[in-house]
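>
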Amino acid sequence: MLHGRRIVNESIETIRDEILACKKCPLWETNNKYVPGEGNSHSRIVFVGEAPGREEDLQGRPFVGAAGKLLTQMIEKVLRLERRDVFITNILKCRPPDNRDPLPEEIEACTPYLLRQLEAIKPEVIVCLGRHSASFIFDIFGIDFPGISRVKGVANEVNGTKIIAIYHPAAILYRPQLREDYEKDFKKIASLIKKNRKTTLLDFL
Ligand code: URA
Ligand code: SF4
654 MLHGRRIVNE SIETIRDEIL ACKKCPLWET NNKYVPGEGN SHSRIVFVGE APGREEDLQG
714 RPFVGAAGKL LTQMIEKVLR LERRDVFITN ILKCRPPDNR DPLPEEIEAC TPYLLRQLEA
774 IKPEVIVCLG RHSASFIFDI FGIDFPGISR VKGVANEVNG TKIIAIYHPA AILYRPQLRE
834 DYEKDFKKIA SLIKKNRKTT LLDFL
């Protein structure tokens, strides 16, 4: 159970519809579109970014700009999954003006949606993209967060959920020398999904 509330079988669509009408913080006044998140609501893995950027705000979809292209590439190339197989969302569902950092009060207002999404999907693996996502998710799960560069690539397990933080893909665009290391972190993520995979009869054939 996340955040001290129990919601039984709430659907991802119910949460999306609530987000699309949200006025809980001032960001609804400046957004073009809400970006609730997208993908497979039965996915075993959920990616949590920071907040929509310009392109995301225009399209109403998460990670569709340059950073999103890199994330999608990693999902396809290293995890060998399709983007639509996983669920991708953000801490904030609306774009902060000029891509500024999320304010504490915006995070407080918006993150109940993220927690409800995680409750509805019940993923086996949560991947935090960047420090804002990681510091929030680690705190929720009671994991120490001494900074993104200290924790990145190391998996934690809390009540059967694996939580791992990696750099935000935008950081890799700024520092391409980190790209190789980024692929390693995605290989680590791939191993988490594999390890958690239930053995089925097909595995023996
Ligand atoms: N950066 C994020 O953190 N999220 C997006 O959806 C796009 C860029
Ligand atoms: Fe609502 Fe979140 Fe958008 Fe603020 S950022 S208006 S809390 S959906």
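The sequence shown begins at 654 in this note's numbering and counts up one residue at a time.
Ideal Cβ positions, reconstructed from N, Cα and C, are used throughout, including at glycine.
Since the model is a prediction, treat every value here as computed from it, not as a measurement.
1) Grab the span of the alpha helix (DSSP H) containing residue 810 for me, first residue to last.
2) Just to confirm, does residue 709 get its C-beta within under 8 Å of one of the non-hydrogen atoms of ligand 2?
3) Pick from 738, 826, 727, 745: whose alpha carbon is nearest that of residue 701?
4) Does residue 770 pass the burial test, meaning 16 or more other C-beta atoms within 10 Å, or should it be called exposed?
5) To which residues of the same chain is residue 819 closer than 6 Å at the C-beta, ignoring the five residues directly before and after it?
6) Apply the 10 Å Cβ neighbour rule to residue 673 and answer buried if 16 or more other Cβ atoms are within range, or exposed otherwise.
7) Pairs of beta-carbons, one from the stretch 760–774 and one from the stretch 688–700, closer than 8 Å: are there three or more?
8) Ligand 2 heavy atoms versus the CB of residue 686: any closer than 8 Å?
9) Taking only heavy atoms of ligand 2 into account, decide whether any of them is closer than 8 Å to the Cβ of residue 750.
10) Closest Cβ-Cβ distance between residue 708 and chain C: below 9 Å?
11) Would you say the stretch 738–753 touches the stretch 704–720, given that touching needs at least three Cβ pairs under 8 Å?
12) Looking only at C-alpha atoms, which of 684, 671, 753, 721 sits nearest to residue 821?
13) Sorry if obvious, but does the Cβ on residue 716 come closer than 8 Å to a heavy atom of ligand 1?
From the atom records:
1) No alpha helix (DSSP H) holds residue 810; the beta strand (DSSP E) holding it covers 809–811.
2) no
3) 745
4) buried
5) 805, 838
6) exposed
7) yes
8) no
9) no
10) Although the question refers to chain C, the structure presented lacks it and comprises just one protein chain.
11) yes
12) 721
13) yes
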